[in-house]
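For the record, the sequence lines run as chains A and B. Residue numbering for the first sequence follows our numbering, beginning at 1 and increasing consecutively. Residue numbering for the second sequence follows our numbering, beginning at 1 and increasing consecutively. The beta carbon of each residue, even a glycine, is placed where N, CA and C say it ideally should be. Here the structure is a predicted model, which is why all the values come from computation and not from measurement. Data first, discussion second: the structure below is written as structure tokens.
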Amino acid sequence: MENKSSGNGYWRATRRLIFSLLAIWAFVSLGLGIILVEPLNHWKIGELPAGFWMAQQGSIYVFVVLIFVYAWQMDRLDHKYNKDDDS
Amino acid sequence: MTVETWTYLLVSLTFFTYLYIGWRARVRDTSGFYVAGQGVPPLANGAATAADWMSAASFISMAGLISTLGYDGSIYLMGWTGGYVLLALLLAPFLRKFGKYTVPDFVGDRYYSRFARVVAVIAAIFISMTYVAGQMRGVGIVFSRFLQVDINTGVIIGMIMVAFFAVLGGMKGITWTQVAQYGILIVAFLLPASAIALKLTGNPIPQLAFTTSDIVERLNQIQVDLGFLEYTHPFANKPMHDVLFITIALMVGTAGLPHVIVRFYTVPNVRAARYSAGWALLFIAILYTSAPALAAFARYNLINGLHDQKLEEVRELDWVTKWEKTSLLQFTDKNNDGRIQLSPNKEESEIKLDKDIIVLSTPEVAGLAPWVIALVAAGGLAAALSTASGLLLVVSSSIAHDIYYRLVNPKASEKKRVLVGRIMIVAAIVVAGYFGINPPDYVASVVAFAFGLAAASFFPAIILGIFDKRMNRDGAIAGMIIGLSFTVFYIIANKFYGMKPWFGISSEGIGTVGMILNLTAALIVSRLSTPPPQDVQNMVESLRSPDHPGPATILDEDSEEFH
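Now the structure itself:
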């Protein structure tokens with residue numbers, strides 16, 4: 001495409017953002033909520049065992065935040081690369 | 001007024017609202033019919049997606065399932081919400097940028113293949129039909145439990161409702177009724193949940209009451225005293241790796257469900273698709289974070305209220321006699337001591353609780369006014385109808401758009417295409433209604449199918465189509481066929497022919513393996529065959545650039561689609 005270099009920069013930045021957010025996604029749900037649930041349960045969040053809380057409450061809150069962070073960061077990327085593009 | 005009068009009143013009131021909205025939103029063109037003219041604001045699309053997604057099962061059965069499974073119920077909570085992160089980050093914005101009407105459209109265009117399109121259409125129809133039969137049955141069950149109407153009559157009333165607003169308004173009518181249905185179902189779920197939280201803990205916010213009160217700790221103690229494992233004990237029912245596989249399969253399957261994906265085609269632009277995914281998950285999270293609280297509170301309350309009580313005293317409670325009649329609640333005084341005891345041992349236990357009773361009985365157990373009970377009925381119906389209508393539209397668009405228009409008669413006029421779409425919705429409703437009235441025995445177990453198939457077919461095909469420019473027709477087709485046939489084989493062999501699970505992975509979790517097989521096969525085969533043609537590579541490139549006009553304008557109708 002015409003703007004190959006900046007297009008690629010945009011895509012690289014997008015990919016980096018997506019994969020970092022997905023790393024957090026996997027860590028809180030599969031990591032803290034399932035694999036590490038037993039050790040985490042030695043601590044408490046409020047009155048609930050911490051691992052149990054992560055699985056049934058915390059991970060869901062993090063998911064919502066992740067999607068909004070993505071939308072908001074993509075706004076910034078769109079803005080930045082559209083200016084460079086001059087299109 | 002009695003509960004029954006209230007239920008008739010609220011149910012008819014909500015039904016008239018849906019009909020009115022359907023009438024107001026009637027459409028004439030294909031864009032309005034399939035994607036609501038791509039004019040749905042992000043917030044409204046979020047609410048519609050939430051209603052589309054949350055089915056009769058989410059509304060009525062999920063809290064009950066969690067209540068029985070304890071920690072292990074987290075598979076549904078994380079699986080069915082975590083999928084939205086995948087959808088929002090990996091699929092929705094790119095598919096919106098692509099800009100066509102259906103998932104098979106993307107698969108067919110990206111892989112320049114009639115065959116790939118047909119495989120996608122068949123998978124979409126199969127996934128949606130298995131799912132919708134359960135929704136129709138759900139409508140019938142709500143009617144029969146709350147209004148003592150025959151289940152079959154209930155199914156037929158539901159069919160007529162959906163037919164009216166879906167046939168007239170297509171996606172536009174469905175969207176705006178789903179927004180209204182979300183409002184009703186969330187209020188209907190939260191009111192009883194808050195009431196029971198307030199009653200047990202003095203805090204009306206279920207999430208806070210769940211986290212800060214000592215109810216779960218006390219429930220743990222009661223469970224141990226009765227011989228159960230603690231409520232919060234991880235992996236009491238399934239080993240850790242199975243929990244992991246099921247959660248991943250549900251996440252990936254959720255992201256690959258065509259009726260959810262297609263909702264993101266209805267917003268005005270890519271930015272709106274990103275934000276509306278956020279709103280959708282926020283709206284879903286309101287129910288999904290209250291459900292575990294309700295599950296624990298209701299379990300605590302029921303065990304406290306029933307265990308070791310005198311049978312005749314228990315039977316004096318109104319709600320007990322009512323639910324005993326529906327056999328959702330059963331007592332048998334096996335040891336003849338005049339009291340009823342709950343026990344982990346099924347042979348000894350004298351109380352039998354159906355999972356659905358957790359949500360259905362809460363308003364009565366918490367002593368709420370009759371209109372709240374009626375509202376729960378209206379909420380259950382809203383959840384079932386909204387999901388059914390979204391699924392039926394996918395079936396209709398798969399046949400009318402992907403098969404009739406794209407493959408059989410590409411010269412069809414707008415008017416004719418909308419007409420075929422309407423006829424297909426009616427046909428799909430009739431088939432769904434038939435399965436609602438004569439449910440095949442395996443309905444409950446085929447839910448695993450919908451998620452497993454979506455995980456093993458669409459998800460990898462779409463992801464690779466966006467993130468791997470080198471992915472070609474041969475790779476995608478090989479991947480879908482291997483992923484699908486493995487998953488179908490495993491589920492059928494395990495569910496119906498008693499095959500022992502491999503490595504302790506249950507059929508609910510096998511979609512994860514199907515997805516990995518699909519990805520591996522696709523990557524290997526694509527690297528051994530010729531790269532995709534230049535115009536397809538250009539299309540992928542344009543999906544990856546900021547603010548480009550939809551690539552569907554590059555790969556237009558008459559471009560060489562079938563090389």
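- Interface annotation, Ala23 (chain A): not in contact with chain B, CB-CB separation never under 9 Å.
- For Leu302 (chain B), the enclosing alpha helix (DSSP H) starts and ends at Val270 to Leu306.
- DSSP places Lys411 (chain B) outside any alpha helix (DSSP H), giving it a letter other than H or E.
- When the five nearest sequence neighbours on each side are left out, the beta carbons in the same chain lying within less than 8 Å of the beta carbon of Leu342 (chain B) are those of Leu226, Ile303, Leu306, His307, Ser349, Glu350 and Ile351, in order along the chain.
- When DSSP states are grouped into helix, strand and coil, Ile340 (chain B) belongs to the strand group.
- With respect to Gly169 (chain B), Arg26 (chain B) sits close: the two C-beta atoms are nearer than 9 Å.
- Contact annotation: in the region 213-247 of chain B, residues whose CB is within less than 7 Å of a CB in chain A are Ser213, Asp214, Val216, Glu217, Thr232, Pro234, Met240, Val243, Leu244 and Thr247.
- Straight-line measurement puts the Cα of Arg274 (chain B) at about 9 Å from the Cα of Arg96 (chain B).
- Taking the C-beta atoms as reference points, Gly33 (chain A) is found no nearer than 9 Å to Tyr81 (chain A).
- Neighbours of Thr7 (chain B) in chain A, taken as residues at a C-beta separation under 7 Å, are lacking, since the least C-beta distance is about 31 Å.
- Here DSSP, grouped into helix, strand and coil, assigns Ile45 (chain A) to strand.
- Taken through DSSP and simplified to helix, strand or coil, Lys495 (chain B) comes out as helix.
- Under the three-state reduction of DSSP output, Gln207 (chain B) falls in the helix class.
- By the Cβ-count criterion, Lys172 (chain B) is buried, with 16 or more other Cβ atoms from all chains shown falling within 10 Å of its own Cβ.
- Boundaries of the beta strand (DSSP E) harbouring Gln330 (chain B): Leu329 to Phe331, taken from the DSSP string.
- Only Asn41, Ile45, Gly46, Glu47, Leu48, Pro49, Gly51, Phe52, Trp53, Ala55, Gln56, Gln57, Ser59, Ile60 and Tyr61 from the region 40-62 of chain A bring a Cβ to less than 8 Å from some Cβ of chain B.
- Remark: three or more beta-carbon pairs, one from each stretch, lie closer than 8 Å, so the region 281-288 of chain B and the region 47-66 of chain B are flagged as touching.
- For Thr211 (chain B), the chain A residues whose Cβ falls inside 8 Å of its Cβ are Ile45, Gly46, Glu47, Leu48, Trp53 and Gln57, in order along the chain.
- Annotated three-state conformation of Ile429 (chain B) is helix, per DSSP.
- For Ile505 (chain B), the three-state secondary structure derived from DSSP is coil.
- Not flagged as an interface residue toward chain B: Arg76 (chain A), since no C-beta distance is shorter than 9 Å.
- At a C-beta separation below 9 Å, Phe27 (chain A) has no neighbours in chain B, since its nearest C-beta there lies roughly 12 Å away.
- Within the DSSP bridge table, the entry for Leu353 (chain B) names B:Leu329 as partners.
- In the three-state scheme derived from DSSP, where H, G and I count as helix and E and B as strand, Lys80 (chain A) is classed as helix.
- For Tyr76 (chain B), the uninterrupted alpha helix (DSSP H) run begins and ends at Ser74 to Leu86, by DSSP.
- Taking the C-beta atoms as reference points, Leu66 (chain A) is found no nearer than 9 Å to Trp11 (chain A).
- When C-alpha distances from Thr289 (chain B) are compared across B:Ile21, B:Phe189 and B:Gly22, the shortest belongs to B:Phe189.
- Each residue's CA atom was taken as its position, placing Ile481 (chain B) and Phe449 (chain B) some 15 Å apart.
- Under the 9 Å criterion on CB atoms, Tyr288 (chain B) is classed as interfacial with respect to chain A.
- Where Tyr182 (chain B) is concerned, the enclosing alpha helix (DSSP H) starts and stops at Ile151 to Thr201.
- Taking Lys310 (chain B) as the centre and dropping the five residues before and after it, the same chain places the C-beta of Gly338 and Arg339 closer than 7 Å to its C-beta, in chain order.
- Contact check between the region 39-47 of chain B and the region 380-400 of chain B: fewer than three CB pairs, one atom from each, fall below 8 Å, which does not count as touching.
- Taking 7 Å as the Cβ-Cβ cut-off, the region 57-79 of chain B approaches chain A at Tyr71, Ser74, Leu77 and Met78, given in chain order.
- A Cβ-Cβ contact shorter than 9 Å links Gly436 (chain B) with Gly158 (chain B).
- CA-to-CA, the gap between Ala455 (chain B) and Glu312 (chain B) works out to about 51 Å.
- Counting only Cβ-Cβ distances below 8 Å, Gln207 (chain B) has contacts in chain A at Gln57, in chain order.
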